[in-house]
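Asker: Here it is, the structure, as structure tokens.
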Amino acid sequence: DSGVTQTPKHLITATGQRVTLRCSPRSGDLSVYWYQQSLDQGLQFLIQYYNGEERAKGNILERFSAQQFPDLHSELNLSSLELGDSALYFCASSAGDAALQYFGPGTRLTVL
Amino acid sequence: DQQVKQNSPSLSVQEGRISILNCDYTNSMFDYFLWYKKYPAEGPTFLISISSIKDKNEDGRFTVFLNKSAKHLSLHIVPSQPGDSAVYFCAAIETSGSRLTFGEGTQLTVNP
């Protein structure tokens, strides 16, 4: 158990809809990262928040947004969903801008 | 542009033998490398890492070798055990940044 929690575990929705994925980092970790893993691919970095502020951005679509709240949990919002958004979404946390990131179990999103 | 590549999607090894997983990278700014292990329905778990100032790091049955001139790293598992069967991801980071860049993963199967 990494100490990082993600909800929900599974999410099935239709094209055009909007969903919110939630992540709680390890106790004491200030940084939260979001990654997307599509079928048979590596994890692609989406975005990082540090203590409530956006710190780094990767290949995140404009239809996607994230935020980190004062209690340090984070939410990833995906809107106008398309079939290609079906993937595993992982959250990770670290103490700071640390290379060693601890991953949650992921949310499997299926867009039908 | 795939900056971290794992060219072998799968590897099958007999229990007790050595498993060698390979990873190549193209970005010379990467200065820290990690291996993560992933079981189905779980998030990636940190296994071992190496800084670019070293060429070898060992932790029990796991050893990571780094060849900077060739931009190549490898993970050796000796002896391999059936419980090692998982997907192994190589990841790299510029420690001035915060995003991990992952390879596509190698499915290791250790046969009893």
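The listed protein sequences derive, respectively, from chains A and B. Residue numbers for the first sequence follow the numbering used here, so the first one is 1 and each next one is one higher. Residue numbers for the second sequence follow the numbering used here, so the first one is 113 and each next one is one higher. Positions of the beta carbon are idealized from the N, C-alpha and C atoms, including for glycine.
#1: Check the Cβ of K205 (chain B) against every Cβ in chain A and list those closer than 8 Å, keeping chain order.
#2: Give the straight-line distance between the Cα atoms of I205 (chain B) and R129 (chain B), rounded to the nearest whole angstrom.
#3: Given that a residue counts as buried once 16 or more other Cβ atoms are within 10 Å of its Cβ, and exposed if not, what is F69 (chain A)?
#4: Considering S163 (chain B), what are the terminal residues of the beta strand (DSSP E) in which it resides?
#5: Ordered along the chain, which non-local residues of its own chain (more than five positions away) have a Cβ less than 6 Å from that of Y144 (chain B)?
#6: If contact is defined by three or more beta carbon pairs under 8 Å, each pair taking one atom from either stretch, is the stretch 87-102 of chain A in contact with the stretch 1-8 of chain A?
#7: Could you work out which residue in B:D171, B:L212 and B:F201 is closest to P191 (chain B) when comparing CA atoms only?
#8: Alpha carbon to alpha carbon, how far is L61 (chain A) from Q193 (chain B)?
#9: Answer with buried or exposed for T138 (chain B), where buried requires no fewer than 16 other C-beta atoms within 10 angstroms of its C-beta.
#10: For L178 (chain B), does the three-state DSSP call read helix, strand or coil?
#11: Please compile the residues from chain A whose C-beta is within a distance smaller than 9 Å of the C-beta of E127 (chain B).
#12: Taking CB distances under 8 Å as the criterion, tell me whether T218 (chain B) reaches chain A.
#13: Find the nearest neighbour of V125 (chain B) within the set B:V116, B:I189, B:L212 and B:E216, judged by alpha-carbon distance.
#14: Quick check for students: name the residue ranges of the beta strand (DSSP E) that lie wholly in the stretch 58-95 of chain A, counting only runs of 3 or more.
#15: In the DSSP assignment, the beta strand (DSSP E) including L133 (chain B) goes from what residue to what residue?
Answerer: For this structure:
#1: According to the sequence as given, residue 205 (chain B) is Ile; it is not Lys. Simply A99.
#2: 30 Å
#3: exposed
#4: T157 to S163
#5: S163, I205 and T207
#6: yes
#7: B:D171
#8: 41 Å
#9: exposed
#10: strand
#11: Simply none; closest approach about 26 Å.
#12: no
#13: B:I189
#14: 64-68, 74-78 and 87-94
#15: S131 to Y137
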